[in-house]
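Protein chains in written order, with this note's numbering: chain A, -3 to 54; chain B, -3 to 401.
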């Protein structure tokens, strides 16, 4: 189940979100972010994204 | 690509390339992998670096130096300016780099001394046998390969996974990261001899705005705010847009760079059996300046040497690799810990307190001033406000630390 939505048009693939994910659910693959099902929708990635590209799905 | 190396280095930034270069120079077989198709791109950095420290690792080259900086101008929220102009030692301060060319030049240095380099090659996991790291799983152009290594070096940056795979928790809390955005701009009209810093909780909460000259009439105009201040509808880029709109409404944006800078201070462990972490992946960036290039190169140099020592002795366990852990903590580690104290003190200040600090320095001459000198001058004039920094000056004197990286 996908729990966050990364707006690929806004995302600058910097990897900041990956570094703050407490469960390691995110991965920066070359130029895009992938999310796996470990994601708990905690929202930390969305909070710290420098460009506000991440939206948590409730 | 072979299926076995002495050392596999994951990530071709400054930390990885210097590790690879150092290990290859010693005669080890080395593979340096980079997940992106271009080394050095995209830029996630303000690109400032100390001249003296840089020269320890590479001869400066005009092809990757954009400007030669003579001093800094720091503005408190009410506009009070503190100028730090370095005139000692023949105008030694800093360069502003072109990272896209610089990073590739470092990888080239590694390749020249025998390291293999592979781009578009991403680590997807570690090969672990009985708790011992024995190699790395990679994906290259969509195909998977297992590569054995006597030592794996994680130099995979802020988004590091290598440490986590090895059981080292490198995850950052919001308070441990500066979330950053930067525009390369033309037409700001700044004096290219200076770097500029703007402090204040309205412009950059628990962080600062920087303007670094990039040659001609170009400049990196960027912002870092502490992760715990980000969100709630306003992110780093929004603060940057406000600043640029107010200050440089007619300047043009030539490039957008974004990134996260670890400001956690040193983490508990950067080694495992058969593995070392270097650079941003080891959270070795400076918590107060956010600078990471020199620390990454220093750590890479130590890691390359320790890899050689360990492999020569036939022992790549944490016991042997502890030499790396000890050496980086004795050098860059001490400075990182001190910077963390400064960060924790300064990120708590209100604008009023920042203004009062600025006023306390009015009339002081900073013609040959390091960041440490500045902090000491501030401390002397504001002992009550800066009492937490007192430990800093004790340890600084004891170990002759240098803050100017």
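Where is the CB? At the ideal position from N, CA and C, for every residue including glycine. From a predicted model like this one, the values you see are computed outputs, not experimental measurements.
With residue 13/B and residue 28/B assumed to form a contact (beta carbons below 8 Å), what rounded beta-carbon distance in angstroms separates them?
7 Å
Could you check the C-alpha separation between residue 225/B and residue 386/B for me, to the nearest Å?
27 Å
Helix, strand or coil at residue 62/B [DSSP, three-state]
strand
To the nearest angstrom, how far is the alpha carbon of residue 136/B from that of residue 118/B?
7 Å
Are the Cβ atoms of residue 62/B and residue 211/B separated by less than 8 Å?
yes
Exposed or buried, which one is residue -2/B when buried takes at least 16 other CB atoms within 10 Å?
exposed
Residue 158/B and residue 12/A - do their beta-carbons sit closer together than 8 Å?
no
Just to confirm my understanding: we take residue 329/B, look at its own chain, exclude 5 residues before and 5 after, and list those with CB closer than 6 Å. What are they?
262
Need the endpoints of the beta strand (DSSP E) that residue 176/B sits in, please.
173 to 182
Can you pull out the residues from the region 30 to 47 of chain A whose beta carbon lies closer than 9 Å to at least one beta carbon of chain B?
39, 40, 42, 43, 44, 45, 46 and 47
Could you give the uninterrupted runs of the beta strand (DSSP E) lying entirely in the region 265 to 290 of chain B, keeping only those of 3 residues or more?
271 to 273
Within 10 angstroms of its Cβ, does residue 48/A collect 16 or more other Cβ (buried), or is it exposed?
buried
Taking Cβ-Cβ distances shorter than 7 Å, what residues in chain B pair up with residue 52/A?
Neighbours of residue 52/A on chain B: none; closest Cβ ~11 Å, over 7 Å.
Residues of chain A with a CB under 8 Å from the CB of residue 170/B: which are they?
16, 40, 43 and 44
Between residue 21/A and chain B, is there a C-beta pair that is closer than 8 Å?
no
For the 8 Å Cβ check, are there 3 or more pairs between the region 176 to 184 of chain B and the region 201 to 216 of chain B?
yes
Of all the alpha helix (DSSP H) runs that stay within the bounds of the region 122 to 178 of chain B, which reach a length of 4 or more residues?
158 to 161
CB contact check: residue 57/A to chain B, cutoff 8 Å
Absent from the model: residue 57/A. The displayed extent of chain A is -3 to 54, so no value can be given.
Residues of the region 319 to 341 of chain B with a CB closer than 9 Å to any CB of chain A: list them in chain order, please.
none
Compute every distance between the C-beta of residue 219/B and the non-hydrogen atoms of the ligand MG, then say whether any falls below 7 Å.
Of ligands this structure carries none, so the ligand MG is not represented either.
Own chain residues within Cβ distance below 8 Å of residue 121/B, not counting five before or after:
132, 133 and 161
What first and last residue would you give for the alpha helix (DSSP H) that runs through residue 8/B?
Unbroken run through residue 8/B: none, as it is neither H nor E.
Could you name the residues that DSSP lists as bridge partners for residue 374/B?
Its beta-bridge partners do not exist; DSSP assigns none.
Just the Cα atoms here: how many angstroms apart are residue 64/B and residue 139/B?
44 Å
So, is the C-beta of residue 254/B closer than 8 Å to a C-beta in chain A?
yes
Hey, residue 103/B and residue 164/B are a contact pair by Cβ (cut 8 Å); roughly how many whole angstroms apart?
Contact flag wrong, Cβ pair sits at about 25 Å.
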